[in-house]
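Take a look at the structure set out below.
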Amino acid sequence: MCFNFESLPSRVVFRAGAIEELAAETARLGSRAFVISTPGQRRLAERCAALLGDKAIAVYDKALMHTPGDSVRAGLAEAQRLNADCCVAIGGGSTIGLAKAIAYERRFPIIAIPTTYSGSEVTPIWGHTENGIKHVTRHAHVQPRTVLYDPLLTLALPPAISGTSGVNAIAHCVEALYSETANPLVSLMAEEGIRALGRSLPKVVKAPSDIDARSDALYGAWLGGYVLGAVGMALHHKLAHVLGGAFNLPHAETHTVVLPHVVAYNSSAAPDAIRRIASALGVANAAQGLFDLNRAIGASVALKDFGMPEGGIDRAVELATANPYYNPAPIRADAIRQLLGDAWEGRPPRSFSGDAR
Ligand code: NAD
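So the sequence shown is numbered by the working numbering: it starts at 3 and just counts up by one.
Shown next, in the form of structure tokens:
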């Protein structure tokens, strides 16, 4: 055995009603809080501002999917103008991504209150998009200092978004298991994350107000986020970023469509990880099990359903193979084209042999 392990510093408060602790948690970090959300979650952001009283200096509801550069510049200018000394990000990965991009420039702490299963709240990573390319950056400073996990806030997350957001978290766990920098503790967390999400997501989609299932899914999301921040990812995350940046495809939905195909792609190159994924899902075949899970949660399984043009596959292959990066199976343009063709059309994942690549 041979590995490196570094623990990520963050304080986690996990309980139904955790949002009520916002004022006390914020007081540890700052006194001029910039509260960020998407437009759709402004009411939740206003609730945070009310909890903070005069320690909230603004509600800024302009977070957008894939964190476009212009939105970062506008948010930063506003935080600077108001002389914010910390920020509260309430929402999904888009909101937390904007908070990180601003916090990186301002060097102020983030208190994150996640309302999806993206996991961004426990990572030091953020993406932003310029000219159709999604850039991913890592810096310890943007790691949210405190995370309030409140399953009650996820009850309103629509079933369709809940399911795909949960598969996004599974994707973090899947790639952690075959990561170049995998280590035994993170692998345990990743396996447990897949187990928690695999059992809870169908229940969440069927009964969105089932608080036990919601708690279980949020627990899995925390594990997914943790492992994403702790070890390197591979082909699957590369493809999700390429497709999101180049075609503005919705993030979690894109992860959901692509994941079974990448698992099939890596099956023969990472047999131990694939066995652990199947075992956590309670299925014989990991790739098919993930495809079946997508069906069970009512998710679309075709990229074409999100408006990706078929002619865009070549551009995606070009972007996904332009620079070298780690993946258990070799990155080959012809095989990636076939994978994306299947994902575009919505075909079940095919088993690839290593030789075929
Ligand atoms: P999102 O943040 O864009 O949210 C999707 C939609 O759901 C938004 O309209 C939002 O307002 C709404 N919503 C969120 N929570 C809700 C709730 N509880 N009730 C009702 N509506 C709610 O989607 P996401 O999938 O969470 O995040 C995607 C973004 O996060 C992408 O840009 C992705 O790159 C990034 N991300 C980053 C990391 C990281 O570690 N840096 C990890 C995962 C995702």
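Idealized CB from N, CA, C, for every residue including glycine.
As the structure is a computational prediction, the values presented were derived from the model and not from experiment.
Residues near residue i by beta carbon distance below 6 Å, same chain, minus five either side
i	result
ASP218	ALA198 and SER202
ALA215	SER202, LYS205 and VAL206
PRO186	none
ALA223	TYR119, GLY121 and ALA171
PRO330	TYR180, ASN268, ALA271 and ALA272
GLU107	LEU78
HIS253	GLY246
ARG44	ASP63
LYS102	TRP128 and VAL144
PRO111	LEU31, CYS88 and ARG147
7 Å CB neighbourhood of residue i in its chain, flanking five on each side removed
i	result
LEU153	The identity of residue 153 in the sequence shown is Pro, whereas the question assumes Leu. Once the five neighbours on either side are set aside, the close Cβ partners of PRO153 are ALA18, ILE213, ARG216, SER217 and LEU220.
ILE299	GLY165, LEU203, PRO204 and VAL207
ALA76	LYS64
PHE36	ILE59, ALA60, TYR62, ALA81, LEU84, ALA86 and CYS89
GLY95	THR118, SER120, SER122 and HIS253
THR40	ASP63, ALA65, GLY93, SER96 and THR97
VAL260	HIS238, LEU241, ALA242 and ALA345
MET191	LEU225, TYR228 and VAL229
C-alpha gap between residue i and residue j, whole angstroms
i	j	result
ASP316	GLY343	10 Å
LEU283	ALA337	26 Å
ARG13	GLU23	13 Å
PRO262	CYS88	39 Å
PRO116	LEU241	24 Å
MET310	GLY32	43 Å
ASN287	SER353	10 Å
TYR62	VAL285	44 Å
VAL138	GLN82	23 Å
LEU66	ALA158	19 Å
PRO210	MET3	42 Å
ARG339	ALA25	50 Å
ALA178	GLY195	11 Å
TYR151	ALA266	33 Å
TRP1	ASP294	The question about residue 1 has no answer, for the chain in this structure spans 3 to 359.
GLU193	ARG278	7 Å
GLN290	PRO350	7 Å
GLU182	PHE5	10 Å
LEU46	ALA52	10 Å
ALA318	VAL244	6 Å
ARG334	PRO326	11 Å
Distance cut-off 7 Å: residue i Cβ against heavy atoms of ligand 1
i	result
HIS253	yes
SER12	no
ILE112	no
THR40	yes
HIS68	yes
LEU1	Only positions 3 to 359 of the chain appear in the structure, and residue 1 is not among them; the question remains open.
ALA158	yes
TRP128	yes
ILE299	no
GLN43	yes
ILE104	no
SER217	no
ASN170	yes
SER122	yes
SER302	no
THR2	Residue numbering for the chain in the displayed model covers 3 to 359; residue 2 lies beyond these limits and cannot be assessed.
SER1	Past the edges of the chain, shown from 3 to 359, lies residue 1, and the structure says nothing about it.
GLY99	yes
ILE135	no
ILE115	no
LEU155	yes
LEU54	no
THR183	no
LEU230	yes
heavy atom of ligand 2 below 7 Å from residue i C-beta
i	result
SER167	In the structure on display, ligand 2 does not appear, and the ligands it does have are ligand 1.
Contacts around residue i, its chain only, beta-carbon distance under 8 Å, and the 5 residues preceding and following it disregarded
i	result
LEU10	VAL124, THR125, PRO126, GLN145, TYR228, GLY231 and ALA232
ALA358	In this prediction, ALA358 has a pLDDT of 41, which is less than 50 and means its spatial position is unreliable; what the coordinates show is noted afterwards. ALA337, listed in sequence order.
ARG34	LYS57, ILE59, LEU84, ASN85, ALA86, ASP87 and CYS88
HIS257	THR166, VAL169, ASN170, ALA173, HIS238 and ALA242
SER73	LYS64, ALA65, LEU66 and LEU100
GLY314	ALA248 and PHE249
CB contact below 8 Å: residue i versus chain D
i	result
HIS239	Any reference to chain D falls outside this structure, which holds one protein chain only.
task: Jot down the residue ranges of each uninterrupted beta strand (DSSP E) in the stretch 124 to 162, minimum 3 residues, whole runs only, in chain order.
output: 127 to 132, 135 to 140 and 148 to 151
query: Taking only runs of the alpha helix (DSSP H) that begin and end inside the stretch 318 to 346, which ones reach a length of at least 4 residues, in chain order?
result: Runs found: none.
field: Length at least 3, wholly inside the stretch 38 to 69: the beta strand (DSSP E) runs in chain order
entry: 58 to 62, all fully within the stretch 38 to 69.
- request: Ignoring anything shorter than 4 residues or poking outside the stretch 257 to 304, list the alpha helix (DSSP H) runs there in chain order.
  value: 273 to 283 and 288 to 298
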